[in-house]
Amino acid sequence: MIEITADMEAIIKQAILSFVATVNEDGTPNLSPKASLTVTNGVLYFADIASPQTILNLKRNPAVEINVVDIFQRRGYRFKGRALILPANADESLAIANWVRTANGPEYPVDHIVKIETISISPLLSPAHVLADPPRSQDEITSTYYQKYGVKPIGA
3 MIEITADMEA IIKQAILSFV ATVNEDGTPN LSPKASLTVT NGVLYFADIA SPQTILNLKR
63 NPAVEINVVD IFQRRGYRFK GRALILPANA DESLAIANWV RTANGPEYPV DHIVKIETIS
123 ISPLLSPAHV LADPPRSQDE ITSTYYQKYG VKPIGA
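Here the sequence shown stands for residues 3 to 158, numbered as in the numbering used here.
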């Protein structure tokens, strides 16, 4: 298993929303947004709050890909791996479920916790990073996209 770095964890926290891809029984992709992706001790986890199809797919085929991109930094990561649906009473499950409910409210149902055995990680970079001539700094890119979205960083 490949450990998640501090930069990867920071992108996950900043982006908030990630997308989990699984394979449906007919071979078509299933894409599910997740705001519950988190890192604990260098390992990825997410909660099944309202994704029964994702869980059905993972029970049949544990192959998973998770994409997360910070829309302002215009960069992120693609995590490929194998999913393990944890027992509800496992310490890891209880800790992640508690985090979800603390962050979102006690009414949030946490039906399953999924642990990801990461087998490959690749960076995701927008053309703003790779095609600009002359190259632009991360600060320039971030500032440009705050302006494009019409928002300001918290505390600015």
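Glycine included, every Cβ here is placed at the ideal spot set by N, Cα and C.
- Relative to the Cα of M10, the nearest Cα in the group K36, T40 and D135 belongs to T40.
- Assigned with DSSP and collapsed to three states, Y79 falls in strand.
- Beta-carbon to beta-carbon, A17 and G78 are separated by about 6 Å, close enough to satisfy the 8 Å threshold.
- Under the 8 Å Cβ criterion, the stretch 120-132 counts as touching the stretch 67-83, having at least three qualifying pairs.
- It is roughly 7 Å from the alpha-carbon of L126 to the alpha-carbon of V71.
- Closest in alpha carbon position to I118, among T104, A65, Q55 and P136, is A65.
- Collapsing the DSSP output to three states places S139 in coil.
- It is roughly 33 Å from the alpha-carbon of T146 to the alpha-carbon of I4.
- Going by DSSP, P129 is part of the alpha helix (DSSP H) stretching over P129 to V132.
- The beta carbon of A92 is closer than 8 Å to those of I115 in its chain, skipping five residues each way along the sequence.
- Counting along the chain, the unbroken beta strand (DSSP E) around V66 starts and ends at A65 to D72.
- For a cut-off of 8 Å, the C-beta gap from I68 to V25 is around 14 Å, too long to register as a contact.
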